[in-house]
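Keeping their order, the protein sequence lines are chains A and B. At the far end of the first sequence sits residue 339, using numbering that gives the first Met the number 0, and the numbering has no gaps. At the far end of the second sequence sits residue 478, using numbering that gives the first Met the number 0, and the numbering has no gaps. Just so you know, even glycine gets a beta-carbon here, dropped at the ideal spot from N, CA and C. Given the structure is predicted, the values throughout are model-derived calculations rather than measurements.
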Amino acid sequence: MPEATEILNALVLMTNFVFVPALAYGSQLALGALGVTLVFGILRFANFAHGDLMAFGTTITILFTWLLQASGITFGPLPTALLALVPAIAATAIIAILIDKSVFAFYRKHRAAPVVLVIASVGVMFMLSAIVRFIMGTDDRRFTDGERFLVRAPEFKRWSGLDEGLAIQTTQAITVIVALVVVVALFIFLNRTRTGKAMRAYSDNEDLALLSGINPDRVVMVTWIIAAALATIAGALYGLDKSFKPFTYFQLLLPIFAAAIVGGIGQPVGAVVGGYIVAFSEVMLTYAYKKFAMYLMPDELAPQGLLQFLSTDYKFAVSFIILVVVLLIRPTGLFRGKVL
Amino acid sequence: MSAPAIDETAQAERSPAAPPAIVQKKDSAWRAPLAFLAMGAALAAVGMFQSWSVALAILNMSLISAVMAMGLNLQWGYAGLFNAGVMAFTALGGLAAVVVSHPPVMEALTAGGRSLALSAVITIGIVATIIFLTSILKGRVRGFAIFVVVVAGYFLLRPVFSDAVTTIESVNPARTGFIGGLGLPITLSWLVGGIFAAAVAWLIGKVALGLRSDYLAIATLGISEIVIAIIKNEDWLARGVKNVTGLPRPVPYEINLQQEQWFVDLVSRFHAAQLESVGEGTRELLLRQLVIEGASAFVKIAYAGLFTVVLLIILALCVRALNSPWGRMMRAIRDNEEAAAAMGKNITKRHLQVFVLGSAIIGIAGAMMTTLDGQFTPGTYNPLRFTFLIWVMVIVGGSGNNLGAVLGGFLIWFIWVEAEPAGQWIVAQISANMDPNTPLYRHLQDIAAPFRLFVMGLVLLIVMRFSPRGILPEKVRHT
Chain A
0 MPEATEILNA LVLMTNFVFV PALAYGSQLA LGALGVTLVF GILRFANFAH
50 GDLMAFGTTI TILFTWLLQA SGITFGPLPT ALLALVPAIA ATAIIAILID
100 KSVFAFYRKH RAAPVVLVIA SVGVMFMLSA IVRFIMGTDD RRFTDGERFL
150 VRAPEFKRWS GLDEGLAIQT TQAITVIVAL VVVVALFIFL NRTRTGKAMR
200 AYSDNEDLAL LSGINPDRVV MVTWIIAAAL ATIAGALYGL DKSFKPFTYF
250 QLLLPIFAAA IVGGIGQPVG AVVGGYIVAF SEVMLTYAYK KFAMYLMPDE
300 LAPQGLLQFL STDYKFAVSF IILVVVLLIR PTGLFRGKVL
Chain B
0 MSAPAIDETA QAERSPAAPP AIVQKKDSAW RAPLAFLAMG AALAAVGMFQ
50 SWSVALAILN MSLISAVMAM GLNLQWGYAG LFNAGVMAFT ALGGLAAVVV
100 SHPPVMEALT AGGRSLALSA VITIGIVATI IFLTSILKGR VRGFAIFVVV
150 VAGYFLLRPV FSDAVTTIES VNPARTGFIG GLGLPITLSW LVGGIFAAAV
200 AWLIGKVALG LRSDYLAIAT LGISEIVIAI IKNEDWLARG VKNVTGLPRP
250 VPYEINLQQE QWFVDLVSRF HAAQLESVGE GTRELLLRQL VIEGASAFVK
300 IAYAGLFTVV LLIILALCVR ALNSPWGRMM RAIRDNEEAA AAMGKNITKR
350 HLQVFVLGSA IIGIAGAMMT TLDGQFTPGT YNPLRFTFLI WVMVIVGGSG
400 NNLGAVLGGF LIWFIWVEAE PAGQWIVAQI SANMDPNTPL YRHLQDIAAP
450 FRLFVMGLVL LIVMRFSPRG ILPEKVRHT
């Protein structure tokens with residue numbers, strides 16, 4: 000039987016390298032998946048441009064961050080980017096509505112098949128990714144400032160007397176808190192307000208909603224505003240936590256879609272749960288458990304290899320294996336998707 | 000009926016209040032020849048104003064792109080299947096080029112071949128057990144049994160396989176570190192690439208084809224990422240991101256060609272007038288220069304010839320297939336699945352069939368591309384260039400029309416290549432009067448590269464909006 004401190008060490012190790020990063024990543028995916036799922040629920044197509052919308056929102060956030068920093072405004076220990084989010088959301092929402100008016104509205108009016116809207120979103124994806132690269136270039140960028148750590152590893156070691164340190168970055172804590180606030184606000188909006196109820200009704204049954212006097216243009220506009228806000232927040236949080244690189248945001252599209260589908264596409268609760276499922280599976284399947292096992296097992300049983308299920312290079316593959324399994328076993332997702 | 004563009008569902012779902020769908024105009028018989036003539040003229044213009052070498056390079060990649068677009072057109076244009084995994088089949092074709100043409104690495108095979116063979120045996124054993132279990136068990140027990148076999152198999156396979164991988168990858172890792180190939184002529188790999196792609200497409204199709212269109216798109220996009228991830232990381236197979244370079248060629252090497260007497264004679268006959276016009280002293284120098292240029296052009300033309308043969312064969316087969324009863328059935332399924340099913344057509348089987356065929360064509364094109372490059376670089380496969388660009392080709396060219404797909408391949412590749420110099424030109428115009436030391440000037444210089452993405456999106460959206468059936472629309476015959 001391992002000693003109590005050994006077990007504590009193992010737990011801290013897992014918290015530090017698996018739980019905290021996965022929680023932050025899962026929150027980012029959940030916000031992204033919420034945007035995808037809302038667009039799917041109301042407009043009924045899979046928006047391939049969502050990853051690049053996130054990149055666009057982040058780009059605007061970075062620009063405002065620079066502007067604020069240049070004029071000497073900072074947010075104390077918190078990253079300035081959080082302040083910049085407010086104007087960035089407004090700008091991205093305007094862009095999203097403009098895109099809808101110039102591209103998607105036409106096909107909606109003609110009642111085109113969903114797949115036509117998907118292809119149109121591919122066109123939007125190309126153009127948005129080009130615009131992002133025009134502004135930001137293709138390199139990695141970091142734009143976080145303020146206090147870096149909420150909990151530092153050496154301090155934690157001194158405080159607890161354990162061998163393992165625990166480090167929590169400010170950006171990770173912010174990500175989780177912001178995601179929580181946004182998700183709660185969104186659920187209150189969808190369930191309590193008139194517009195939110197109208198959106199749910201529209202998603203549930205379009206014709207019935209129209210008959211009861213719901214203005215479809217308003218519903219669509221509000222959907223894009225919310226989707227843009229979610230995309231900007233998700234993108235900015237991801238960028239704060241890791242770094243901003245346009246191509247990474249395109250790749251984020253894959254786990255985000257996986258999260259939305261696993262939870263049940265069109266289902267906001269499903270998107271949140273799906274985000275965490277995908278994130279935790281990615282991190283847990285690619286984590287090397289060797290050190291963890293060494294704390295818990297007697298020395299003579301110490302493992303030979305790294306105890307890693309999959310190499311980290313297969314991170315993206317994990318989300319899609321989950322996706323394929325869900326599609327095969329329960330195509331509607333965990334929460335019986337397709338209605339909002 | 001028409002291509003699965005906007006007008007199809009407009010007719011199916013149109014409510015009385017909705018505006019009329021796009022009216023089908025009668026297309027001129029001259030449309031296709033004129034479009035191809037214009038394309039040829041554009042290539043010739045590049046040859047005259049830029050350089051013939053660039054024009055030939057564009058031509059070669061256009062031919063390959065046209066084959067890829069035909070493969071996708073088979074899936075989307077004939078059958079309405081949204082395959083967003085084109086990149087995977089292209090890469091599998093490329094992998095076939097390595098596997099077929101690279102000489103075998105004997106040291107690696109002797110060192111790790113036995114464990115690798117053992118891993119293969121174990122894998123086959125696992126698969127066979129699963130197939131056996133699915134046939135005798137049912138329901139929950141079956142799921143559980145398969146799960147147990149997969150987990151047990153993983154722990155059985157893992158040590159053997161990782162042993163094979165470490166041994167093979169440690170054999171001269173800077174130069175080989177992989178098992179090599181069969182050392183056969185590379186043109187054979189075009190066929191093998193098709194077979195590789197078809198096999199994987201069959202697997203993917205079995206899993207994903209029951210899904211509705213946008214789910215299929217997402218699933219294939221994801222699976223293609225998995226395929227690329229595997230090729231990138233399994234270094235023992237094709238060196239992963241370390242790339243395999245110097246693949247053998249189906250055409251002569253420039254260096255050898257320059258030494259051949261017949262080739263020098265050919266060049267001097269071709270440029271006789273130019274050679275006559277210069278003096279005796281410089282003639283030798285000029286001939287040497289001309290032979291070097293000529294050799295490079297000759298190689299490119301030889302490739303173009305090979306690719307054209309493949310293109311024409313596939314085009315002929317596709318046109319025949321489209322006009323056959325089979326093609327009529329595919330379009331019937333595309334336009335109304337329920338009706339076709341009611342007429343006794345097996346939708347799932349036909350979808351799987353056309354998915355495999357289309358993917359095989361894309362695999363052939365992928366092998367041709369790696370042959371042209373002479374190297375296999377898994378790190379360069381990304382979905383924008385290898386999946387969505389092919390989509391733009393099919394949509395812009397005209398889905399459901401084979402000539403349209405070919406034209407789309409040519410046109411979009413042309414724009415893709417020429418957009419960058421165009422972007423540079425625009426940047427040069429904007430920044431002409433700027434101080435080269437300002438950050439804005441330096442920033443502007445980086446804009447040219449993503450300019451092509453912008454143009455692609457714009458072209459796709461404009462064509463979808465104003466000419467949804469593409470440049471060469473599908474021919475609709477009423478009998």
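Against residue i, what residues of chain A qualify as contacts under a CB-to-CB distance less than 8 Å, listed in chain order?
i                      : result
residue 387 of chain B : 121, 124, 125
residue 231 of chain B : 312
residue 463 of chain B : 115, 118, 119, 122
residue 228 of chain B : 312, 313, 315, 316
residue 210 of chain B : 326, 330
residue 81 of chain B  : 114, 117
What does residue i touch in chain A if you count any residue whose Cβ is under 9 Å from its own?
i                      : result
residue 445 of chain B : 132, 133, 136, 137
residue 424 of chain B : Neighbours of residue 424 of chain B on chain A: none; closest Cβ ~16 Å, over 9 Å.
residue 390 of chain B : 118, 121
Which residues bound the alpha helix (DSSP H) around residue i?
i                      : result
residue 55 of chain B  : 51 to 72
residue 183 of chain B : Looking at the DSSP string, residue 183 of chain B is not in any alpha helix (DSSP H), and its letter there is neither H nor E.
residue 86 of chain A  : 80 to 98
residue 295 of chain A : 289 to 295
residue 276 of chain B : 271 to 276
residue 135 of chain A : 113 to 135
residue 183 of chain A : 169 to 191
residue 226 of chain A : 215 to 240
Within 10 angstroms of the Cβ of residue i, are there 16 or more other Cβ atoms? Answer buried if so, exposed if not.
i                      : result
residue 472 of chain B : buried
residue 116 of chain B : exposed
residue 271 of chain B : exposed
residue 434 of chain B : exposed
residue 288 of chain B : exposed
residue 264 of chain B : exposed
residue 240 of chain A : buried
residue 153 of chain B : exposed
residue 220 of chain B : buried
residue 46 of chain A  : buried
residue 83 of chain B  : buried
residue 27 of chain A  : buried
residue 170 of chain A : buried
If I follow the unbroken beta strand (DSSP E) through residue i, where does it start and stop?
i                      : result
residue 310 of chain B : Looking at the DSSP string, residue 310 of chain B is not in any beta strand (DSSP E); the run it does join, the alpha helix (DSSP H), is 279 to 322.
residue 149 of chain A : 148 to 150
Check the Cβ of residue i against every Cβ in chain A and list those closer than 7 Å, keeping chain order.
i                      : result
residue 336 of chain B : Correct list: empty, because the minimum Cβ distance to chain A is about 12 Å.
residue 206 of chain B : 323, 327
residue 460 of chain B : 102, 119, 122
residue 394 of chain B : 118
Please compile the residues from chain B whose C-beta is within a distance smaller than 9 Å of the C-beta of residue i.
i                      : result
residue 128 of chain A : 383, 449, 452, 453, 456
residue 257 of chain A : 217, 221
In chain B, what lies closer than 7 Å to residue i by C-beta?
i                      : result
residue 340 of chain A : Nothing about residue 340 of chain A can be reported from this structure: the residues present for chain A run from 0 to 339 only.
residue 319 of chain A : 221, 222, 224, 225
Give the interface partners of residue i over in chain B, defined as CB-CB distance under 8 Å, in chain order.
i                      : result
residue 260 of chain A : 214, 217
May I ask you to list, following chain order, the residues of the stretch 106 to 118 of chain A that have a beta carbon less than 8 Å from some beta carbon of chain B?
The residues in question are 106, 108, 109, 110, 111, 112, 113, 114, 115, 117, 118.
Quick check: the stretch 212 to 224 of chain A against the stretch 79 to 99 of chain A, are there 3 or more CB pairs under 8 Å?
Contact between the stretch 212 to 224 of chain A and the stretch 79 to 99 of chain A is present, because at least three Cβ pairs lie under 8 Å.
Under 9 Å, CB to CB, which of the residues in the stretch 110 to 125 of chain B have a partner in chain A?
Along the stretch 110 to 125 of chain B, there is no position whose C-beta sits under 9 Å from a C-beta of chain A.
Pairs of beta-carbons, one from the stretch 26 to 42 of chain B and one from the stretch 366 to 379 of chain B, closer than 8 Å: are there three or more?
With the cut-off at 8 Å, the stretch 26 to 42 of chain B and the stretch 366 to 379 of chain B do not touch.
Mind listing which residues of the stretch 48 to 63 of chain A have their C-beta closer than 9 Å to chain B's C-betas, in chain order?
Of all residues in the stretch 48 to 63 of chain A, none places a beta-carbon less than 9 Å from a beta-carbon of chain B.
When you compare the stretch 236 to 245 of chain B with the stretch 285 to 295 of chain A, are there three or more beta-carbon pairs, one atom per stretch, that lie closer than 8 Å?
Short answer: they don't touch.
Going along the stretch 405 to 418 of chain B in order, which residues come within less than 9 Å of chain A, judged by CB to CB distance?
Residues of the stretch 405 to 418 of chain B with a C-beta atom less than 9 Å from some C-beta of chain A do not occur.
Looking at C-beta atoms only, is the number of pairs between the stretch 203 to 214 of chain B and the stretch 131 to 151 of chain B that lie closer than 8 Å three or more?
With the cut-off at 8 Å, the stretch 203 to 214 of chain B and the stretch 131 to 151 of chain B do not touch.
Per the contact definition of three or more C-beta pairs closer than 8 Å, is the stretch 103 to 123 of chain B in contact with the stretch 214 to 222 of chain B?
Because the criterion of three Cβ pairs below 8 Å is not met, the stretch 214 to 222 of chain B and the stretch 103 to 123 of chain B do not touch.
If the cut-off is 9 Å on Cβ atoms, which residues from the stretch 234 to 257 of chain A count as contacting chain B, listed in chain order?
Against chain B - using a Cβ distance shorter than 9 Å - the residues of the stretch 234 to 257 of chain A are 245, 246, 249, 250, 252, 253, 256, 257.
Would you check if the stretch 73 to 87 of chain A and the stretch 191 to 209 of chain A touch, i.e. whether three or more CB-CB distances between them fall below 8 Å?
By the criterion of at least three beta-carbon pairs nearer than 8 Å, the stretch 191 to 209 of chain A is not in contact with the stretch 73 to 87 of chain A.
Tell me, please, whether the stretch 86 to 106 of chain B touches the stretch 429 to 446 of chain B by the rule of three or more beta-carbon pairs shorter than 8 Å.
In this structure the stretch 86 to 106 of chain B does not touch the stretch 429 to 446 of chain B; the number of beta carbon pairs closer than 8 Å is below three.
The stretch 55 to 74 of chain B contacting the stretch 405 to 414 of chain B, beta-carbon criterion three pairs below 8 Å:
Output reads yes: the stretch 405 to 414 of chain B touches the stretch 55 to 74 of chain B.
If we count Cβ pairs, one from each stretch, closer than 8 Å, do we get three or more for the stretch 28 to 40 of chain A versus the stretch 104 to 112 of chain A?
No, they do not touch.
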